[in-house]
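K.L.:
Residue numbers (my numbering): 5 to 271. Even for Gly, the Cβ is constructed at its ideal location relative to N, Cα and C. From a predicted model like this one, the values you see are computed outputs, not experimental measurements. Below are the structure tokens for one structure; questions will follow.
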């Protein structure tokens, strides 16, 4: 569902922009994601992914080794907790989808649209939740729906993490950053089995998606078929992706993501 909303946000799922937007807004109720707020943040992410000077909107917080070393012990502890897998993929989805997205965080002064998007989505979610509670009861609603939200949110954050937090990804200062290069080399090709490609809407072909977001996700595999050389750029297998969890800091001297341990060893 989120992948359809995602393509609607890029104006690529339907031929008509109005259809994209209204279907996207409707799906945002199911995904607990205010569509117009998300679309704005995600557009910023696409315009700045891999740019060290443009971090902070629509991405996973990533510090350089130098920035981490300059922090106080409290700051380092907070960052370590943020990057811990239990927080990133456990508490993170709960916080993001149930709490943070109820307000237009980061867009409080961004005009009326973010507020309308957030509040309208909240009202629709409340009405839908109340109807479900009325039909099945509060206990059944919580026992069934909450695990779905957490598991789906965890899967979504995991995918987003692997798409940009892999060892061979590339970051650069604004003066050296170039969109096409960042798209192809700052985003991964998550090489998944066919059934997982289908379940995730082919979004694992993320380098191609960043290169041209107007290609709908249901056609990304066609791009790999026609341009097989793209299969070797930023390729991450399922096994490789498990190793990505330890990565936490960008080492500017080595131009690669490293673990806390690796950063400590090079101090």
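Relative to the alpha-carbon of residue 150, which residue among 133, 175, 226 has its alpha-carbon at the smallest distance?
P.N.:
Taking the first residue of the chain shown as position 1, residue 150 is located at position 146. When each option's Cα is compared against that of residue 150, the closest is 133.
K.L.:
Buried or exposed for residue 272, please, with buried defined as at least 16 other CB atoms from any protein chain shown within 10 angstroms of its CB.
P.N.:
Because the chain here runs from 5 to 271, residue 272 falls outside it and cannot be looked at.
K.L.:
Does the distance from the CB of residue 214 to the CB of residue 50 come in under 8 Å?
P.N.:
For the purposes of this step, residue 214 is taken as the residue at position 210 of the chain shown. For the purposes of this step, residue 50 is taken as the residue at position 46 of the chain shown. Between residue 214 and residue 50, the C-beta spacing is below 8 Å.
K.L.:
Does DSSP classify residue 65 as helix, strand or coil?
P.N.:
Within the chain shown, numbered from 1, the residue matching residue 65 stands at position 61. Three-state DSSP puts residue 65 in coil, outside helix and strand.
K.L.:
Starting from the N-terminal side, write out each stretch of the alpha helix (DSSP H) that is 4 residues or longer and does not extend beyond the segment 15-46.
P.N.:
The segment 15-46 contains, as complete alpha helix (DSSP H) runs of 4+ residues, the segments 21-34 (chain order).
K.L.:
Could you check the C-alpha separation between residue 30 and residue 20 for me, to the nearest Å?
P.N.:
For this step, residue 30 is matched to residue 26 along the chain shown. For this step, residue 20 is matched to residue 16 along the chain shown. Each residue's alpha carbon lies about 16 Å from the other.
K.L.:
When burial is assigned at 16 or more other CB atoms within 10 Å of the CB, is residue 230 buried or exposed?
P.N.:
Residue 230 sits at position 226 when you count from the first residue of the chain shown. Residue 230 comes out exposed.
K.L.:
Alpha carbon to alpha carbon, how far is residue 109 from residue 152? Give it in angstroms, no decimals.
P.N.:
As a position in the chain shown, residue 152 is number 148, starting the count at 1. As a position in the chain shown, residue 109 is number 105, starting the count at 1. Looking at the two C-alpha atoms, the distance is approximately 24 Å.
K.L.:
To the nearest angstrom, how far is it from the Cα of residue 67 to the Cα of residue 141?
P.N.:
In the chain shown, the residue the question calls residue 67 occupies position 63. In the chain shown, the residue the question calls residue 141 occupies position 137. Taking the straight line joining both Cα atoms gives about 45 Å.
K.L.:
Here's a check: name, in chain order, each residue in its chain whose Cβ is nearer than 7 Å to the Cβ of residue 272, leaving out the five neighbours to either side.
P.N.:
Only positions 5 to 271 of the chain appear in this structure, which leaves residue 272 out of reach.
K.L.:
When the distance is taken between beta carbons, is residue 227 closer than 8 Å to residue 219?
P.N.:
Within the chain shown, the letter at position 215 stands for residue 219. Within the chain shown, the letter at position 223 stands for residue 227. Contact: yes.
K.L.:
Which residues bound the alpha helix (DSSP H) around residue 148?
P.N.:
Here residue 148 is taken as the residue at index 144 of the chain shown, counted from 1. Unbroken alpha helix (DSSP H) run through residue 148: 142-168.
K.L.:
Please classify residue 144: is it buried, with 16 or more other beta-carbons within 10 angstroms of its beta-carbon, or exposed?
P.N.:
In the chain shown, residue 144 corresponds to position 140, counting from 1. Result: exposed.
K.L.:
On a Cα-Cα basis, can you pick out the residue from 216, 225, 180, 249 that is closest to residue 200?
P.N.:
What you label residue 200 is simply residue 196 of the chain shown in a count that begins at 1. For the residues 216, 225, 180, 249, the minimum Cα distance to residue 200 belongs to 225.
K.L.:
Does the beta-carbon of residue 167 have 16 or more other beta-carbons within 10 angstroms, so that it is buried, or is it exposed?
P.N.:
Along the chain shown, read from residue 1 onward, the residue named residue 167 stands at position 163. Classification of residue 167: buried, given that the 10 Å Cβ count is 16 or more.
K.L.:
Less than 8 Å between the beta carbons of residue 55 and residue 178, yes or no?
P.N.:
Translated into positions along the chain shown, residue 55 becomes position 51. Translated into positions along the chain shown, residue 178 becomes position 174. Closer than 8 Å, so yes.
K.L.:
Just grab the DSSP bridge partners of residue 254 for me.
P.N.:
By one-based count along the chain shown, residue 254 stands at place 250. DSSP lists 68, 261 as partners of residue 254.
K.L.:
Compute the distance between the beta-carbons of residue 175 and residue 157, then report whether it is under 8 Å.
P.N.:
Mapped onto the chain shown, residue 175 falls at position 171. Mapped onto the chain shown, residue 157 falls at position 153. It is not a contact, given that the beta carbons lie outside the stated cut-off.
K.L.:
Can you pull the DSSP bridge partners for residue 55?
P.N.:
The residue given as residue 55 occupies position 51 in the chain shown. Answer is 176, bridged to residue 55.
K.L.:
Let me know the secondary structure DSSP gives residue 274 once reduced to three states.
P.N.:
Examination of residue 274 is not possible in this model, given that the chain is present from 5 through 271 alone.
K.L.:
Considering Cα atoms alone, identify which of 208, 198, 202 is closest to residue 188.
P.N.:
Within the chain shown, the letter at position 184 stands for residue 188. Among 208, 198, 202, the Cα nearest to that of residue 188 belongs to 208.
K.L.:
Under the three-state reduction of DSSP, which class applies to residue 209: helix, strand or coil?
P.N.:
Counting from 1 along the chain shown, the entry for residue 209 is found at position 205. DSSP places residue 209 in strand when its eight states are reduced to three.
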